[in-house]
Amino acid sequence: MRQMFTMISHVFAQVIRDEDYAVSASQQVTANSQTLKSVVFGRNEPALHHYHATYKRVLESAK
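Below is the structure:
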């Protein structure tokens, strides 16, 4: 069982290192260019959905 969790952990780390960081860097360049009118988050990004919903709610309550 421990071997399986270690393997899964290594796979997740590899995906984050080899895919997520590169994509995030590219996305940041695009965001900094200010050419995007909107951004759509996928279903597998619950933390981003929560962060932006909270951010929006706080901004709206400050009006």
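Heads up, the sequence shown is in the working numbering, so the first residue is 104 and it goes up one at a time.
Virtual Cβ for every residue (Gly too), placed ideally from N, Cα, C.
Since this is a predicted model, take the numbers as computed values, not measurements.
Which of helix, strand or coil DSSP assigns to residue i
| i | result |
| --- | --- |
| residue 137 | coil |
| residue 108 | helix |
| residue 146 | coil |
| residue 125 | helix |
| residue 165 | coil |
Cβ of residue i within 9 Å of any chain B Cβ
| i | result |
| --- | --- |
| residue 132 | Although the question refers to chain B, the structure presented lacks it and comprises just one protein chain. |
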